[in-house]
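Colleague: Residue numbers (our numbering): 1379 to 1706. Where is the CB? At the ideal position from N, CA and C, for every residue including glycine. Note that this is a predicted model, so its numbers are computed, not measured.
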Amino acid sequence: MLEKGPPNSSEGQQGWFSARNGSGSSLDLESVAQPLALNPWDVVLCISGTIISCENAIVVVVIFYTPAFHAPMFLLIGSLATADLLAGLGLILHFAFVYFIPSEAVSLLTVGLLVTSFTASVSSLLTITIDRYLSLYNALTYYSERTVTRTYIMLILAWGASICYGLLPVMGWNCLGEPSACSIVKPLTKKHLILLCASFLAVFAAMLQLYVQICRIVCRHAQQIAVQRHLLASSHYVTTRKGIATLAVILGTFACCWLPLAVYGLLGDCSSPALYTYATLLPATYNSLLNPVIYAFRNQEIQKVLWAVCCGCFSSPPPFRSRSPSDV
1379 MLEKGPPNSS EGQQGWFSAR NGSGSSLDLE SVAQPLALNP WDVVLCISGT
1429 IISCENAIVV VVIFYTPAFH APMFLLIGSL ATADLLAGLG LILHFAFVYF
1479 IPSEAVSLLT VGLLVTSFTA SVSSLLTITI DRYLSLYNAL TYYSERTVTR
1529 TYIMLILAWG ASICYGLLPV MGWNCLGEPS ACSIVKPLTK KHLILLCASF
1579 LAVFAAMLQL YVQICRIVCR HAQQIAVQRH LLASSHYVTT RKGIATLAVI
1629 LGTFACCWLP LAVYGLLGDC SSPALYTYAT LLPATYNSLL NPVIYAFRNQ
1679 EIQKVLWAVC CGCFSSPPPF RSRSPSDV
């Protein structure tokens, strides 16, 4: 059973991430039997989960119900939106079960859902990056059956690994029976969190390397086009700068959202202040909030469908032109 800290102490606040032994030292995803004082951090996470769910539900519905969006690149965006949608629902469900229907078993299930969904979200970002790189590196053979097969293989591997990560705490790899083995996020063990954080850092390193290669290809293509069309050097500079700025936004957003939690998860332990974990976990959830804006709502074809729905004139499919993933 978790002990409460001093009544007026901010460290004594309980919620998902409840202090153990009154120390307020780490986050606790385990629910407790007694009513808990509402923690403002948990409320913010629940609100974030609601916004995330609404945003990504729109993307999933648009892609699912628009036949023209069943191309490989849109399947990858749909995978990302599905993962983020599950992450948002997981944040809401965990809040509800901890504060209104306390149950240790159900809490483990929701923790597994959160681990699975966030891992699938990060994995989907990697698959999108790989697809973008291959669409530029193998531009002549990109629109082939091989691309479709490769897309399904990447999705199966990404979701398979994510589900395995999420099942670990449910299948027994948790610290409920051994509090000293807990990480900054209970009931995940320190070893489990290190595995997750190391995986996130590996994905970031792979994305960084791929985007560097993408940047080189984009710059080379822009220069070749400028020479062939006898364009001015300033035109080549503007095109290149725009492409680099887009890649910087994509990679910078991922780094700002996930690196704080990944690094702190490696360095922190069960004696670390809960405030630090909340402060690094919240930006990680914001990545799921920003993904629809970066990868879906910026796409011109998805914009056409959304405008058609908003205007009430979705009587016929909007004109569709296949676009390269580098345009997304």
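Going by beta carbon distance, what residues of the same chain come within less than 7 Å of L1458, once the five residues before and after it are set aside?
Modeller: So the qualifying residues of the chain are S1499, S1502, L1503, I1506, N1669, Y1673.
Colleague: Keeping to the same chain, check which residues put their C-beta closer than 7 Å to that of E1408; ignore five residues upstream and five downstream.
Modeller: Confidence at E1408 is low in this model, with a pLDDT of 48, below 50, so its placement is unreliable and no value can be given for it.
Colleague: In its own chain, which residues sit with a C-beta less than 6 Å from the C-beta of L1491, not counting the 5 before and 5 after it?
Modeller: G1468
Colleague: Using the three-state DSSP reduction, which class does T1497 fall into: helix, strand or coil?
Modeller: Looking at T1497 - three-state DSSP - the assignment turns out to be helix.
Colleague: Can you tell me the Cα-Cα spacing of T1494 and K1569, whole angstroms?
Modeller: Approximately 17 Å between the Cα atoms of the pair.
Colleague: Got a sec? Which residues, its chain only, sit under 7 Å from L1545 by beta carbon, not counting five neighbours each side?
Modeller: G1490
Colleague: Could you spell out the range, first to last residue, of the alpha helix (DSSP H) harbouring P1557?
Modeller: Per DSSP, P1557 belongs to no alpha helix (DSSP H) and is neither H nor E.
Colleague: Considering Cα atoms alone, identify which of A1536, V1439, F1473, R1528 is closest to P1418.
Modeller: Put simply, of A1536, V1439, F1473, R1528 the residue whose alpha carbon is nearest the alpha carbon of P1418 is F1473.
Colleague: To the nearest whole angstrom, what separates the beta carbons of I1470 and S1431, a pair I think is in contact under 8 Å?
Modeller: 7 Å
Colleague: Expressed to the nearest angstrom, what Euclidean distance is found between the alpha-carbon atoms of G1402 and I1628?
Modeller: Any answer about G1402 is weak, because its pLDDT of 45 lies below 50 and its placement is not dependable; what the coordinates show is given next. C-alpha separation (whole angstroms): 35 Å.
Colleague: With a CB to CB cut of under 8 Å and the five nearest residues on each side skipped, what residues in its chain are close to Y1664?
Modeller: S1426, C1635
Colleague: Applying the criterion that 16 or more other CB atoms from any shown protein chain within 10 Å of the CB defines a buried residue, is Y1443 buried or exposed?
Modeller: exposed
Colleague: Specify the secondary structure class of T1444 as computed by DSSP and reduced to three states.
Modeller: coil
Colleague: Give a yes or no on whether the C-beta atoms belonging to A1435 and L1416 are separated by under 9 Å.
Modeller: no
Colleague: Quick check on the DSSP output: what are the complete alpha helix (DSSP H) runs of length 4 or more inside the stretch 1471 to 1552, in order along the chain?
Modeller: 1482 to 1515, 1523 to 1548
Colleague: Whose C-beta lies closer than 6 Å to the C-beta of L1714 among residues of the same chain, with five residues either side of it excluded?
Modeller: With the chain covering only 1379 through 1706, there is no way to say anything about residue 1714.
Colleague: Cα separation between A1449 and Q1678?
Modeller: 15 Å
Colleague: Contact defined as beta carbons within less than 8 Å: I believe L1637 pairs with F1582. What is the distance between those atoms, to the nearest angstrom?
Modeller: 7 Å
Colleague: The alpha helix (DSSP H) spanning A1415 covers which residue range?
Modeller: According to the DSSP assignment, A1415 belongs to no alpha helix (DSSP H), since it is labelled neither H nor E.
Colleague: Taking its Cβ as the centre, do 16 or more other Cβ atoms sit within 10 Å of S1561, making it buried, or is it exposed?
Modeller: buried
Colleague: Taking DSSP as the reference, what is the three-state secondary structure of D1647?
Modeller: coil
Colleague: Select from L1639, Y1530, R1598, R1528 the residue whose C-alpha is nearest the C-alpha of S1577.
Modeller: L1639
Colleague: Any idea what DSSP makes of N1669, helix, strand or coil?
Modeller: helix
Colleague: State the DSSP-derived secondary structure class of R1598, mapped to helix, strand or coil.
Modeller: helix
Colleague: Do you know how far the Cα of F1475 is from the Cα of C1575?
Modeller: 26 Å
Colleague: Rounded to the nearest angstrom, how far is the Cβ of Y1511 from that of I1592, given a contact under 8 Å?
Modeller: 5 Å between Cβ atoms; contact.
Colleague: Alpha carbon to alpha carbon, how far is L1533 from L1454? Give it in angstroms, no decimals.
Modeller: 8 Å
Colleague: How big is the Cα-Cα spacing for A1584 and I1508?
Modeller: 9 Å
Colleague: Put Q1392 into one of helix, strand or coil per three-state DSSP.
Modeller: Its pLDDT being 45, under 50, Q1392 is placed unreliably by the model, and the measurement read from it follows with that caveat. It is coil, neither helix nor strand.
Colleague: Do you know offhand how far A1465's Cα is from I1595's?
Modeller: 34 Å
Colleague: Near A1559, what residues of its chain come up, given a Cβ to Cβ distance below 7 Å and the 5 sequence neighbours on each side ignored?
Modeller: C1553, T1567, K1568
Colleague: Can you name the start and end residues of the alpha helix (DSSP H) that A1674 belongs to?
Modeller: No alpha helix (DSSP H) contains A1674, which DSSP labels as neither H nor E.
Colleague: In three-state terms, what does DSSP make of C1634?
Modeller: In this structure, C1634 counts as helix in the three-state DSSP scheme.
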